[in-house]
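In my numbering, the protein residues as written are 620 to 689.
Right under this line is the structure:
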């Protein structure tokens, strides 16, 4: 199981919701512009607005994506 799937299971949402939650938790206050031809995928991404990732979970995903911790 990859890191995003593990966090999705932990928070009880889909992987797309975790991706959206990660962006929303970014310290630069990044805004998301969603787009998809699939209403179910859009709804899953919107679920991310209701997820507040714990700081450690945010960093786990950052590192799992291949980024080095400064």
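Think of the CB as a built atom: it goes at the ideal place given N, C-alpha and C, for glycine as much as any other residue.
With contact counted as at least three CB pairs below 8 Å, one residue from each stretch, are the segment 672–683 and the segment 635–642 in contact? yes
Comparing C-alpha positions only, which one of 658, 685, 648 sits nearest to residue 635? 658
Tell me which residues share the same chain as residue 680 and place their Cβ nearer than 6 Å to its Cβ, disregarding the 5 neighbours each side in the sequence. Excluding sequence neighbours, residue 680 sits near 622, 641.
Given that a residue counts as buried once 16 or more other Cβ atoms are within 10 Å of its Cβ, and exposed if not, what is residue 627? Residue burial is scored here from C-beta neighbours: residue 627 has at least 16 other C-beta atoms within 10 angstroms and is therefore classed as buried.
8 Å Cβ cutoff met for residue 632 and residue 676: no
Determine the burial state of residue 562: buried for a count of at least 16 other Cβ atoms within 10 Å of its Cβ, exposed for fewer. The requested residue 562 is not part of the displayed model; the chain covers only 620 to 689.
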